[in-house]
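Novice: This structure is in structure tokens; I'll ask about it shortly.
2 protein chains.
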Amino acid sequence: LADRVRKFNGWGHEGEEPSAGEIEGLEKNWTGFFGVEAFDPVAPPSLDEIQLRAPRIQLPAGLAEFCSERAHDRALHSYGRSFADLARIYRRDFSDPPDAVAHPANEDQIAALFDWCAGARVALVPFGGGTGVVGGTGSPGADHAGWISVDMGGFDRIQEIDKTSRAARIQGGILGPDLEAGLKPHGLTLRHYPQSFQFSTLGGWIATRAGGHFATLYTHIDDLVESVRALSPAGPWESRRLPGSGAGPSPDRLLIGSEGILGIITEAWMRLQERPRFRRSAALSFADFEAGAEAVRALSQAALHPTNCRLIDAHEAAEAGAGSGADPVLLLGFEQAHHEVDAPMEEALACCADHGGRLVPDGDEAAVTWDKFAALHANVMEATKRAIREVTGRDGQLTCRFTHVYPDGPAPYFTFKALGRADELMDQYEAIKRAASAAVMQGGGTITHHHAVGRAHRPWYDRQRPAPFAAALTAAKRALDPQGLLNPGVLIDPA
Amino acid sequence: LADRVRKFNGWGHEGEEPSAGEIEGLEKNWTGFFGVEAFDPVAPPSLDEIQLRAPRIQLPAGLAEFCSERAHDRALHSYGRSFADLARIYRRDFSDPPDAVAHPANEDQIAALFDWCAGARVALVPFGGGTGVVGGTGSPGADHAGWISVDMGGFDRIQEIDKTSRAARIQGGILGPDLEAGLKPHGLTLRHYPQSFQFSTLGGWIATRAGGHFATLYTHIDDLVESVRALSPAGPWESRRLPGSGAGPSPDRLLIGSEGILGIITEAWMRLQERPRFRRSAALSFADFEAGAEAVRALSQAALHPTNCRLIDAHEAAEAGAGSGADPVLLLGFEQAHHEVDAPMEEALACCADHGGRLVPDGDEAAVTWDKFAALHANVMEATKRAIREVTGRDGQLTCRFTHVYPDGPAPYFTFKALGRADELMDQYEAIKRAASAAVMQGGGTITHHHAVGRAHRPWYDRQRPAPFAAALTAAKRALDPQGLLNPGVLIDPA
């Protein structure tokens with residue numbers, strides 16, 4: 005397994021391709037949906053099809069020993085995995101690759117990068133697993149003599165386990181599966197499963213405020229962090245291990261979500277749980293999405309804390325094999341390590357029944373307060389559908405589900421499929437996204453619930469945050485990184 | 005009730021005094037404990053016994069109309085309610101009172117204060133209920149032409165209730181009882197009850213990261229804040245109402261705990277709960293504190309989420325009327341609005357029985373991870389007892405209880421009673437506190453779990469926080485408050 009090579013041109017490892025049958029099935033479904041005869045498929049690029057600009061920087065020997073200029077490394081670190089990234093990849097557009105990819109094995113090597121880059125005006129872009137979908141790990145723009153992608157894969161160890169306090173000190177570059185595999189022999193789990201789990205890292209989760217698969221209570225990585233250590237250009241930033249504190253504003257909460265602009269997260273003490281032994285799950289259908297949403301609101305305000313509580317609309321339910329396609333479906337689950345979960349499941353089922361929920365045979369982002377949800381949902385659906393029609397000339401598919409729910413509001417996740425044209429994909433995508441984002445913002449939502457901000461969401465993030473907080477964050481950034489080495493352009497403007 | 009006047013010289017309203025019998029009872033108990041014949045009681049000062057320096061500033065007419073120079077107002081706003089504050093009050097030491105007390109009724113008046121004070125080099129110290137015990141609302145030192153205490157009592161309204169999302173927009177200066185009285189007719193509650201509840205304010209709770217009486221899950225005000233609005237010298241800071249977000253570092257978390265140095269909190273959207281209908285409680289005794297601590301650890305790691313889970317040692321239990329005084333006692337409680345709490349209570353009782361807990365007839369701060377608790381407890385007890393002996397020449401009483409517990413650690417709360425000498429009280433108190441604080445810090449604890457930092461905990465806070473965070477906070481402060489008007493000396497050094 006360790007020998008497997010990540011694809012530079014898509015999700016997964018080299019050699020993992022959909023079968024001809026799978027491609028044929030997809031094509032058949034979607035040509036039918038869009039009313040076209042056939043698609044004109046574009047093959048993913050091979051490495052020798054792409055042109056990489058020669059590195060613009062000359063690394064000193066001390067850095068060169070842990071930095072790579074190999075084409076595959078530079079291509080893999082050019083992009084994340086958003087639709088926009090993939091569109092560029094398939095256009096063979098690798099016009100601003102990193103000049104080098106650093107693979108530090110310890111903090112001294114990161115500090116050496118800071119030192120040299122400060123003099124050389126070279127930007128540093130931290131890279132965890134490269135699964136981001138908001139442009140947080142890509143090119144930082146042209147204001148530098150070059151840029152280096154800092155791949156944290158060498159920081160992949162569990163350093164220490166404290167079973168008494170149920171916590172572990174874990175390095176930032178560890179991948180999800182390696183983290184869980186290391187905890188499993190101790191009967192412990194972090195129980196944080198973002199969709200990118202297989203290829204994303206602990207440090208990446210912390211830097212982006214990742215959301216796990218838990219639908220209630222401990223949804224974001226924020227609550228699982230006991231303390232965190234990062235290396236900033238001004239030195240190490242390490243908080244004390246504490247179960248709770250009232251000592252000034254939380255230092256951890258300023259690093260959590262900082263997307264690489266204040267420092268590079270090298271390790272963290274994480275709060276763990278015992279592995280669950282008791283489980284129950286159910287799927288329920290509702291007359292319409294609004295009835296399902298009301299049931300979920302009642303559920304989330306009843307302090308039952310289901311681990312799964314995902315409402316998905318009729319289309320998505322059918323695609324996921326959970327329901328007939330006629331009704332929206334709620335996937336509900338409870339799990340615990342220490343006690344049976346029958347009682348809360350029965351309470352939850354009764355709560356669903358109050359809103360017309362019926363049990364169905366088992367199946368397997370923005371966020372907004374409940375008072376604004378109905379209007380936001382209607383407006384995002386309407387604005388996005390209209391934009392798809394305007395941009396592509398025909399209807400697309402637009403679906404919605406709740407990925408997370410809170411007593412004061414849900415995190416609705418909208419997905420669209422539209423018939424694009426290869427030479428206009430980026431413009432088409434951005435026009436549709438712009439319409440949807442504007443409707444989210446106008447409806448009182450956040451531009452991102454668990455995908456971070458990156459460069460993709462910047463314009464909306466700027467409108468969403470309090471202006472004095474932007475001033476505070478900018479000032480903090482200047483104090484720690486006066487040359488603006490770290491991830492320039494993310495969250496705030498370069499100095 | 006509205007006519008009652010707060011005492012300037014102690015807790016409560018004027019006219020509320022302990023009875024002669026109560027004083028006699030206390031005296032009898034404690035003369036016996038310390039082995040002395042009698043105390044030499046000092047009466048609280050009356051207003052005409054204290055000397056207040058003449059105001060050093062001349063307010064312009066626009067400010068004078070909502071500012072007071074009355075002696076009672078200036079005396080009341082000179083101090084919080086810590087032991088050190090009370091020691092100074094009883095010594096009739098009011099040597100640095102505020103030059104004026106502002107009673108703004110709206111944000112424009114606060115902005116007017118900022119404008120005038122910037123030119124006049126006058127410091128502003130926000131004041132909620134004045135119940136703090138860490139010197140956060142007192143004199144900011146001598147680096148200014150004067151100082152004004154900004155009493156937020158005029159911001160006392162519930163502005164808006166959103167029953168659908170179960171949240172309310174509430175002004176920062178509202179007192180605990182008024183807040184709950186306003187929510188009650190709607191069947192809602194904030195359910196945040198710090199010990200200072202009667203005289204402390206919502207804005208004060210947010211500025212200090214207050215801890216409520218809930219022992220697990222939602223312990224700190226932090227988790228109950230949906231969005232917050234503050235006025236900074238650089239303008240209003242208002243976050244969006246969101247149930248969850250992954251958009252950059254949380255702006256709210258930088259204001260929560262900022263102790264008045266970044267802005268004055270004028271209102272917040274708070275997450276509410278329905279009023280509980282189902283309740284169970286129990287008291288259990290344990291062979292020793294360590295056995296009780298192990299039971300509490302198991303309980304808090306079992307995801308049962310009791311609302312009360314306070315372990316108190318034998319002395320405190322006896323004083324609180326909960327136990328014989330021979331054994332430590334665990335007060336355990338569950339409450340819910342939507343479902344019975346018998347099942348979790350039975351689980352919790354079984355968990356206690358595993359550690360030798362026995363039911364007893366019903367009775368009614370630092371924080372550290374579990375792995376370090378036993379050593380920290382032993383060292384704090386030993387160091388504090390030794391300091392009491394060294395400082396006062398005889399043994400005192402030192403007790404410990406858990407006020408809050410988390411899966412990864414408890415918040416132990418140590419209380420000491422020692423025989424002081426009136427003319428040395430401050431030095432004696434500080435010497436004992438210094439010894440205890442050093443043991444807490446050395447044992448890996450936080451200097452404060454829910455009492456904030458203020459001026460009293462500054463030396464330990466400085467050692468506890470990450471240095472780059474101090475740099476970030478200092479830079480943020482300079483960006484928002486370049487003249488250093490707001491609560492100088494709290495959390496960071498004056499500019």
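These protein sequences, in sequence, are chains A and B. Numbering of the first sequence is given in the numbering used here, commencing with residue 5 and proceeding in unit increments. Numbering of the second sequence is given in the numbering used here, commencing with residue 5 and proceeding in unit increments. A virtual CB, placed ideally from N, CA and C, is assigned to each residue, including glycine.
#1: Report buried or exposed for residue 389 of chain B, applying the criterion of at least 16 other Cβ atoms within 10 angstroms of its Cβ.
#2: Select from the region 434 to 464 of chain B all residues with a C-beta closer than 8 Å to any C-beta belonging to chain A, and list them in chain order.
#3: Using a C-beta to C-beta distance shorter than 7 Å, which residues of chain A count as neighbours of residue 248 of chain B?
#4: Indicate the three-state DSSP secondary structure (helix, strand or coil) for residue 535 of chain B in the structure shown.
#5: Are the Cβ atoms of residue 338 of chain B and residue 284 of chain B separated by less than 8 Å?
#6: Residue 134 of chain B and residue 141 of chain B - do their beta-carbons sit closer together than 8 Å?
#7: What residue range is occupied by the uninterrupted beta strand (DSSP E) comprising residue 208 of chain A?
#8: Compare the C-beta of residue 472 of chain A with all C-beta atoms of chain B and state if any pair is closer than 8 Å.
#9: In this structure, does DSSP put residue 261 of chain A in helix, strand or coil?
#10: With DSSP run on the structure shown, which of helix, strand or coil describes residue 132 of chain B?
#11: What's the call for residue 412 of chain B, buried or exposed, on a 16-neighbour Cβ count within 10 Å?
#12: What would DSSP say about residue 189 of chain A, mapped onto helix, strand or coil?
#13: Write down the C-beta distance between residue 308 of chain A and residue 352 of chain A rounded to the nearest angstrom, noting that I regard them as a contact closer than 8 Å.
#14: Is the Cβ of residue 375 of chain A closer than 8 Å to any Cβ of chain B?
#15: For residue 497 of chain A, does the three-state DSSP call read helix, strand or coil?
#16: Considering only residues of the region 353 to 424 of chain B, which uninterrupted beta strand (DSSP E) runs meet the minimum length of 3 residues and lie entirely inside it, listed in chain order?
#17: Please go through the same chain and pick out, in chain order, the residues whose beta-carbon is closer than 8 Å to the beta-carbon of residue 111 of chain B, but skip the five residues on each side of it.
#18: Mind listing the chain A neighbours of residue 388 of chain B? Cutoff is C-beta to C-beta under 8 Å, in chain order.
#19: Classify residue 97 of chain A as helix, strand or coil using the three-state DSSP reduction.
#20: Using a cut-off of 8 Å between C-beta atoms, extract the partners of residue 230 of chain B located in chain A.
#21: May I ask which residues mark the beginning and end of the beta strand (DSSP E) holding residue 166 of chain A?
#22: Got a sec? Which residues, its chain only, sit under 8 Å from residue 84 of chain B by beta carbon, not counting five neighbours each side?
#23: Closer than 7 Å by beta-carbon distance: list the chain B residues that pair up with residue 482 of chain A, in chain order.
#24: Run through the DSSP bridge pairs and tell me what residue 153 of chain B is partnered with.
#25: Short of 6 Å in beta carbon distance, which residues of its chain neighbour residue 368 of chain A, apart from the five on each side in sequence? Order them along the chain.
#26: Is the region 90 to 104 of chain A touching the region 59 to 69 of chain A, taking contact as three or more C-beta pairs under 8 Å?
#27: Does residue 174 of chain A get closer than 8 Å to chain B when you measure Cβ to Cβ?
#28: Identify whether residue 334 of chain A lies in helix, strand or coil by the three-state DSSP scheme.
#29: How far does the beta strand (DSSP E) with residue 171 of chain A in it reach, from first residue to last?
#30: Which word fits residue 33 of chain B, buried or exposed, when buried means at least 16 other C-beta atoms lie within 10 angstroms of its C-beta?
#31: What residues in its chain sit with their C-beta under 6 Å from that of residue 400 of chain B, if we drop five residues either side in the sequence?
#32: When you compare the CB of residue 351 of chain B with every CB in chain A, is at least one pair closer than 8 Å?
#33: Between the Cα of residue 406 of chain B and the Cα atoms of B:381, B:398, B:89, which residue gives the shortest distance?
#34: Within the 8 Å Cβ cut-off, does residue 253 of chain B reach chain A?
#35: Could you work out which residue in B:16, B:181, B:11, B:91 is closest to residue 45 of chain B when comparing CA atoms only?
Specialist: Reading it off the structure:
#1: buried
#2: 448, 449, 450, 451, 452, 453, 454, 455, 456, 457, 461
#3: 223, 224, 371, 408, 410, 415, 453
#4: Outside the shown range of chain B, which is 5 to 499, sits residue 535 of chain B, and nothing can be said about it.
#5: yes
#6: yes
#7: Element bounds for residue 208 of chain A: not the beta strand (DSSP E) but the alpha helix (DSSP H), 206 to 212.
#8: yes
#9: coil
#10: coil
#11: buried
#12: helix
#13: 5 Å
#14: yes
#15: coil
#16: 362 to 364, 401 to 410, 413 to 421
#17: 235, 240, 270
#18: Per Cβ cutoff of 8 Å: no residues; residue 388 of chain B is ~20 Å from chain A at best.
#19: coil
#20: 373, 412
#21: 162 to 166
#22: 134, 135, 136, 137, 138, 139, 140, 141, 142, 458
#23: 479
#24: B:105, B:129
#25: Low confidence applies here, because residue 368 of chain A scores a pLDDT of 41, under 50, leaving its location unreliable; read the following figure in that light. Answer for residue 368 of chain A: no residue qualifies.
#26: yes
#27: no
#28: strand
#29: 171 to 175
#30: exposed
#31: 392, 420, 421, 422
#32: yes
#33: B:381
#34: yes
#35: B:91
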